[in-house]
Amino acid sequence: MLDSSIVPTPEEAQPTVVEQRRGGTVVESGAVIETGAAIETAPPRAAAADDSEARPKPGAAAGRAARLLRTTRLDRLSRMDRAAIGVVIGAHAALAIVVYCSAWIQGANSSHLPLTRGYQQWDANLYVNYAQHGLFSGASAPNNAAFLPGYPVLLALVHLFVRNWLDSALLLSLIAGCVAAVLLNRMSGNSRAALFLFTAPAAVFLSVPYSESLFLAFALGAWYAAQRADWPVASLLAALAGLTRINGLALIPALVVFALLRSAKGHRLTSALIASAAAIGPFMYLLYLRRATGSWSAWQQANRKGWNIWMDWPATAIRNTWRGAYEYGDGSGAYAWSFQLEFFCTIAAALLVVALLARRAWPEATYCALVLASMLFVNMQQAADRTLLVCFPLYLLLARAANRWPWIGNAYVWVNAPVAVVAAFLYSAGVWSN
């Protein structure tokens, strides 16, 4: 059954390709795939005459880079793609206004520092330090090992061409955000998914020197490639995602489930093995820390020493977060609202998992359930709002629901966008970081 609520406009639609597979009919028109009871958003697929370009033969002279470009089809920007890029540019422009106003309200003088400092708060400074000095040099910040190397390494590469660290970081966030937004819109089949992502309460972290936008670019690229059955590319991008944020450890098992359930018959085991090879990425970082520090738990130790966070039971996380949100253990309650936001985002993630399970979207449910586990199996919840940003199936579901019931999308934006603006102001003022 073709869900008409998520079919793209005639200008965006591609030639329809219908295939018969065991367990259901695959209908591709830039909208959905229905196999059995599960429905999955899917990207547009080129006509049969263009199949040789979309699926290059192994060993093609164009090389891996050209193959990746053809797989993601980033060389062909539709109106929907341009809308996604417009959302990202608008988000960066809005943040610039907020940062400027924040600096002015705080009494900025003629120096540029109050303005640029608005972008470089908290972990943003640590990422720049990591990119400049690495993990273990004399100038390295303590406990940099808690950050995975994907973002700092790419930031250092951008800095080779843009000789200002803040400009390099903002450019990297802009490019990664555009890639993530384009892929999100393509998978949703409409222009709203990117808007919902960039109006989320913690959306400020997609535009500042943090790793969320880069992780989403890799993770969405991996999922998009998996939908097109290009498993080598999917595995490569998942490995890069696993080198960017710890959430990559949730993405890789989800891709294995995707391969086992949605690959063509006769190729499922091979696809799953290729997908599982993405675990080499985060394992190489773990091995590097082992060789550098002599400990397999160097990453956990850095998190404990630097951020006072470690693995624990969910009851502990909920109890401690509740105290911060409603009992005001320090007598002030100044940050109670941030703990309340942690609760709200955790509940939203739990409801998302339930919704995905109800739709029998097993790969998406696997990913989001593991992300939810990372919010709960800690001594105290930190950055649940940022973690919800990387739960990209949420924004695909919201886009589908908003197509059918427009009031849902309107309510989401009107409720969340003001929260996102306030959060951006608090971040730029150095008051709040997650």
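For the sequence shown, counting from 1, position 201 maps to 258 in my numbering; every step adds exactly one.
Cβ coordinates follow ideal geometry from the N, Cα and C atoms, glycine included.
Since the structure is predicted, the reported quantities are computational estimates derived from the model, not experimental observations.
Contact defined as beta carbons within less than 8 Å: I believe residue i pairs with residue j. What is the distance between those atoms, to the nearest angstrom?
i, j, result
"residue 141", "residue 238", "4 Å"
"residue 497", "residue 367", "Since the first and last residues shown for the chain are 58 and 491, residue 497 lies out of range."
"residue 422", "residue 414", "5 Å"
"residue 456", "residue 253", "6 Å"
"residue 283", "residue 315", "5 Å"
"residue 363", "residue 199", "7 Å"
"residue 147", "residue 159", "Going by Cβ atoms, the distance from residue 147 to residue 159 rounds to 18 Å, so no, they are not a contact pair."
"residue 450", "residue 398", "Not quite, the Cβ-Cβ distance comes to about 21 Å (not below 8 Å), so this is no contact."
Decide if residue i is buried, meaning its Cβ has at least 16 other Cβ atoms within 10 Å, or exposed.
i, result
"residue 404", "exposed"
"residue 204", "buried"
"residue 201", "buried"
"residue 489", "buried"
"residue 292", "buried"
"residue 471", "exposed"
"residue 266", "buried"
"residue 185", "buried"
"residue 462", "exposed"
"residue 338", "buried"
"residue 221", "exposed"
"residue 411", "exposed"
"residue 309", "buried"
"residue 324", "exposed"
"residue 365", "exposed"
"residue 327", "exposed"
"residue 280", "buried"
"residue 348", "exposed"
"residue 102", "Annotation note: pLDDT 41 at residue 102 (below 50); position unreliable, coordinate value reported separately. Counting Cβ neighbours within 10 Å, residue 102 comes out buried, since at least 16 surround it."
"residue 352", "exposed"
Can you tell me whether residue i sits near the ligand NAD, meaning its C-beta is under 7 Å from at least one heavy atom of the ligand?
i, result
"residue 136", "Here there are no bound small molecules, and the ligand NAD is not part of this structure."
Quick check: what's the CA-CA separation for residue i versus residue j?
i, j, result
"residue 96", "residue 241", "The predicted model places residue 96 with a pLDDT of 38, which falls under 50 and marks its position as unreliable; any figure quoted below should be read in that light. Going from the Cα of residue 96 to the Cα of residue 241 covers about 16 Å."
"residue 235", "residue 392", "32 Å"
"residue 354", "residue 429", "22 Å"
"residue 51", "residue 195", "Because residue 51 is not part of the residues shown, which for the chain are 58 to 491, the question remains open."
"residue 336", "residue 150", "37 Å"
"residue 460", "residue 244", "14 Å"
"residue 334", "residue 296", "8 Å"
"residue 273", "residue 226", "16 Å"
"residue 135", "residue 233", "18 Å"
"residue 172", "residue 157", "6 Å"
"residue 342", "residue 191", "13 Å"
"residue 248", "residue 384", "42 Å"
"residue 400", "residue 162", "30 Å"
"residue 209", "residue 250", "28 Å"
"residue 481", "residue 152", "7 Å"
"residue 319", "residue 277", "17 Å"
"residue 154", "residue 180", "21 Å"
"residue 396", "residue 380", "9 Å"
"residue 311", "residue 424", "5 Å"
"residue 340", "residue 300", "9 Å"
"residue 137", "residue 458", "18 Å"
"residue 145", "residue 452", "15 Å"
"residue 485", "residue 223", "14 Å"
"residue 230", "residue 464", "31 Å"
"residue 270", "residue 441", "16 Å"
"residue 418", "residue 331", "21 Å"
"residue 378", "residue 178", "23 Å"
"residue 187", "residue 197", "7 Å"
"residue 475", "residue 344", "43 Å"
"residue 246", "residue 275", "19 Å"
If you follow the alpha helix (DSSP H) that residue i is in, where does it begin and where does it stop?
i, result
"residue 216", "207-216"
"residue 275", "269-284"
"residue 342", "337-350"
"residue 287", "Looking at the DSSP string, residue 287 is not in any alpha helix (DSSP H), and its letter there is neither H nor E."
"residue 203", "It is not in any alpha helix (DSSP H) - residue 203 carries neither H nor E in the DSSP assignment."
"residue 138", "136-162"
"residue 379", "371-379"
"residue 324", "Looking at the DSSP string, residue 324 is not in any alpha helix (DSSP H), and its letter there is neither H nor E."
"residue 5", "Since the first residue shown for the chain is 58 and the last is 491, residue 5 is missing from the structure and cannot be characterised."
"residue 505", "Summary: the structure shown does not reach residue 505, with the chain confined to residues 58 through 491, and so no result is reported for it."
"residue 253", "250-254"
"residue 182", "180-190"
"residue 443", "441-446"
"residue 363", "355-364"
"residue 420", "419-433"
"residue 477", "463-485"
Three or more C-beta pairs under 8 Å: does that hold for the segment 446-460 against the segment 255-263? The segment 446-460 and the segment 255-263 touch, with no fewer than 3 CB-CB distances between them shorter than 8 Å.
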